[in-house]
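Asker: Here it is, the structure, as structure tokens.
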Amino acid sequence: MPARALDRFEESDATAAAQRVVDVLLPLALPGAYSYLVPPHLDVGPGDYVRVPLGPRDTIGIVWTEPRRLGAVPSGPKLRPVREKYDAPPLKDLQRRFIEWVAAYNLVPAGLVLRMCLRVPAALGDPRMQTGYRWTGIQPERLTPQRARVLELASDGLIWRASELAEAAGVTSAVVRGLVEAGALVPHHFPADRPFEVPHIQPHRGLSNEQAQAAQALRAAVAERAFSVTLLDGVTGSGKTEVYCEAIAATLAADRQVLVLLPEIALTAGFIRRLKDRFGAAPAEWHSALKSTERERVWRGVANGTAKIVLGARSALFLPFDRLGLIVVDEEHEAAFKQEEGVTYHARDMAVAYGSLGKFPVILSSATPSLESLVNVDRGRYRHVTLSARHGDAQLPSIDLIDMRSSPVERGRWISEPLVAEVVRTLQEGEQALLFLNRRGYAPLTLCRACGHRLQCPNCETWLVEHRFRRQLQCHHCGHVAPVPHVCPACNAENSLVPCGPGIERLAEEVAERFPGARIALLSSDLVRGAFLREIFRDVAERRYDIVIGTQLVAKGHHFPGLTLVGVIDADLVLGNADPRAAERTYQLLSQVAGRAGRESLPGRAFIQTYMPDHPLMRALASGDEAAFLAQEKRQREQAKMPPYGRLAALIISGRDQLETERFARELGRRVPAAKGGQVFGPSPAPIALIRGRYRFRLLVQAERDFNIQGFIAAWLNGIQPRGSLRIDIDIDPYSFL
Ligand code: ADP
Ligand code: ZN
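For the sequence shown, my numbering assigns the number 85 to the initial residue and increments by one for each residue that follows.
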């Protein structure tokens, strides 16, 4: 019993003058590291993974300081000892500084950032072993025909897993066990983790001139072995991936690891296969759908340096890299890099900070870079490498607007006649069409025709979305589900509930009706996932479908050779909310969607249905004048002191009781410290004023660019302890304004 042994240690050694103490950071929301005694036999240093007692339990933590002598006997509570040190390679100094930086920037306790690094505690133990069996050459005394079949297979001299052997021989596992007991088969133990393949690093020989120049610039950044940020800015299909793979190759040649960050939904089988083809080795993947054994394997491979290329969603930033030499952030403009739950952080921005701390290059890649990154180029902080042409003879799609005011649709229909005609033409040519609508489900609102009642979520201030395939109503904010009622819950009228507005399931009905015989793929995250989704993507690429109807799930990254027409059903959806980036986001999303068309030799066309054809962003999309749109967007943000010309931070105050929450928010509002260059707006009820039964109020800090917004908020909240169900969530550089 190790705990007892340690108790004895405490008794006998507690007074020894030469006691050592270390600070250990624990993966919890604590203000700092905790001190522990180091038992004499234990050799620990900064970065070591240790098990320490905390209250009645033990927890894993990281040694954060060098051990120091405990001079005088401390007057405070008695220190408890470190129980055990794990065998894993210590967390590097760089990662520890990164954790501290992320914590300070986002105003969260360092322990909560550390928690993101300790998501796979099982990986700290000994590697899992597997057992296989080999034939000894000995014939068992009793040789049944079944046993003979097994031994015949095992005579190849290789190590077999019992289940494989039984299956291949067509016998039960009892037969194999019998042979083990008879001494004919002997067990061998070996690590269960498949080793990572070693990538080949020969350069790409077929780059175009423009691509070769871009690749040269990126390789140069790698060769400097210093911090730099390069914005790789190229139209969709221009070969950005091909080009940054050259920087990956250069980094591997320098024996350093590479992290490629992608928005979770862009981490597709197709993309992984591309990297595998390029480097002759599968990259390590890191995302939420990994099995736990694979998680452990990747964690260990990253820590011991055998996983050279990691392709991951944002949380991959917190893997224990052995010697990271490059981060590529693909689709850098994506809001999905902002984590909104738990510790809020922006993975792109954290990646840049990581590069700066670790003195390595960072590449941000996008066809529609964020205004933030473009302004950093203007300011001379980021390098700019551009690719202006699509690879080969592929052309950028033409984009036309369909003015819905002059091409109205009937009630309950969403596809205008001009778009119908384009789809018909596309199908006649044997090509594929994508109809894009960024709304899951059947209808975003269900209304009672008799009394006007709207079906609302009981936990949130939101309408319930009908999902007809699943036969349920869903809240897209808290996940609440309910059956679709037969009578109106307010007035009991029968057959009075009607769907309002389109979701992609409803659009699919219209498509089936208007284009009979067309093979339709309906894609949204709630309908298909994982392996099934990958299968459908492959079938689309192989032209087994004629029309794809999809949400933003299909907007990015995919490469469908036969797709020549893109129709955007409702371009106005995302415009016009409180988000200062609404126009930019809409622009990016629509250009990405349009970019799905005509990726190979067939020319692509995109049609955008809009009621606001005169909006500057619609005009810019149609004319291809991106520069004009960006110039106007920059001007507006600069005037309004919005990011990247000013800074924002949000405080979301929430609680179960509306009055109490509002009172607390107002109290906070009154306590705002005076500061030059920063001001606070609110509190005001959040646009979604109730989520999961919690009432929400927002305070928005707006400040000059060089204003210390973290220091300001820390001073403001100093000494304030939310009580009961009240909570303050701080969001530095907010991307969501709900
Ligand atoms: P982006 O990342 O800019 O959208 P990709 O790197 O995906 O562009 O390239 C688009 C398509 O063109 C891909 O199928 C890619 O394999 C192909 N491609 C781009 N450049 C080359 C090249 N130099 N040689 C061969 N194929 C290329
Ligand atoms: Zn809800």
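Note that the Cβ used here is the ideal one computed from N, Cα and C, for glycine as well.
Answer yes or no: do Ala706 and Ile483 have a C-beta to C-beta separation smaller than 9 Å?
Answerer: yes
Asker: What does DSSP give as the partner residue(s) for Gly634 in the beta ladder?
Answerer: Under DSSP, Gly634 forms a beta bridge with Phe520, Leu607.
Asker: Is any heavy atom of ligand 2 found at a distance shorter than 8 Å from the C-beta of Pro542?
Answerer: Yes, ligand 2 has a heavy atom inside 8 Å of this Cβ.
Asker: Between which residues of its own chain and Phe616 is the CB-CB distance below 6 Å, once the five residues before and five after are set aside?
Answerer: none
Asker: Name the residue from Leu607, Ser608, Glu593 whose alpha carbon lies nearest to the alpha carbon of Gly601.
Answerer: Glu593
Asker: Going straight from the alpha carbon of Ala334 to that of Arg432, what length do you get?
Answerer: 22 Å
Asker: Within the region 216–301, note down every full alpha helix (DSSP H) run reaching 4 residues or more, in order along the chain.
Answerer: 229–238, 246–253, 257–265
Asker: Between the alpha carbons of Ala400 and Ile393, how many angstroms are there, rounded?
Answerer: 11 Å
Asker: Tell me the DSSP secondary structure of Ile692 in three-state form.
Answerer: strand
Asker: Below 8 Å, is the gap between the Cβ of Val327 and the nearest heavy atom of ligand 1?
Answerer: yes
Asker: Is the region 301–319 close to the region 471–487, with three or more CB pairs under 8 Å?
Answerer: Contact between the region 301–319 and the region 471–487 is present, because at least three Cβ pairs lie under 8 Å.
Asker: Taking DSSP's pairing of strands, which residues face Gln556 in a bridge?
Answerer: His551, Pro567
Asker: Secondary structure at Trp370, three-state DSSP: helix, strand or coil?
Answerer: strand
Asker: Below 8 Å, can you find three or more Cβ-Cβ pairs linking the region 416–428 to the region 443–457?
Answerer: yes
Asker: Over what stretch of residues does the beta strand (DSSP E) that includes Phe791 continue unbroken?
Answerer: Careful: Phe791 lies outside any beta strand (DSSP E) and carries neither H nor E.
Asker: Using a Cβ-Cβ cut-off of 8 Å (strictly less than) and excluding sequence neighbours within five positions of Val459, which residues of its own chain qualify?
Answerer: Lys718, Pro728, Tyr729
Asker: Scan the region 714–745 and note each continuous beta strand (DSSP E) run of 3 residues or more that stays entirely inside, going in chain order.
Answerer: 730–739
Asker: Buried or exposed for Ser449, going by 16 or more other Cβ atoms inside 10 Å?
Answerer: buried
Asker: Is Gly396 a contact residue of ligand 2, with contact defined as CB to any heavy atom under 8 Å?
Answerer: no
Asker: Below 6 Å CB to CB, which residues in the same chain sit around Leu606 once its five sequence neighbours on both sides are set aside?
Answerer: Excluding five sequence positions before and after Leu606, the CB atoms of its chain that fall closer than 6 Å to its own CB belong to Ala592, Ile633, given in chain order.
Asker: Shorter than 9 Å from the beta carbon of Pro283 to some beta carbon of chain D?
Answerer: Among the chains of the structure shown, chain D does not appear; only one protein chain is present.
Asker: May I ask you to report which of helix, strand or coil DSSP gives Phe765?
Answerer: Three-state DSSP puts Phe765 in a strand.
Asker: For Thr143, which beta-bridge partners are listed by DSSP?
Answerer: Under the DSSP definition of a beta bridge, Thr143 partners with Val136.
Asker: State the DSSP-derived secondary structure class of Asp97, mapped to helix, strand or coil.
Answerer: Note that Asp97 scores 47 on pLDDT, short of 50, meaning its location in the model is unreliable and no value can be drawn from it.
Asker: Between which two residues does the beta strand (DSSP E) holding Ile411 run?
Answerer: Ile411 -> beta strand (DSSP E) spans 408–414.
Asker: Buried or exposed: where does Pro586 fall if 16 or more other Cβ atoms within 10 Å of its Cβ makes it buried?
Answerer: buried
Asker: Within 10 Å of its beta-carbon, does His59 have 16 or more other beta-carbons around it, so buried, or fewer, so exposed?
Answerer: A query on residue 59 cannot be resolved here, the shown segment of the chain reaching from 85 to 822 and no further.
Asker: Please work out which residues of its chain come closer than 8 Å, Cβ to Cβ, to His226, disregarding the five sequence neighbours upstream and downstream, and give them in chain order.
Answerer: Reading the sequence as shown, one finds Arg at residue 226 and not His. Excluding positions up to five away in sequence, the list reads Ala266.
Asker: Bridge partners for His81 per DSSP, in chain order?
Answerer: Shown here, the chain extends from 85 to 822; a query on residue 81 therefore has no answer.
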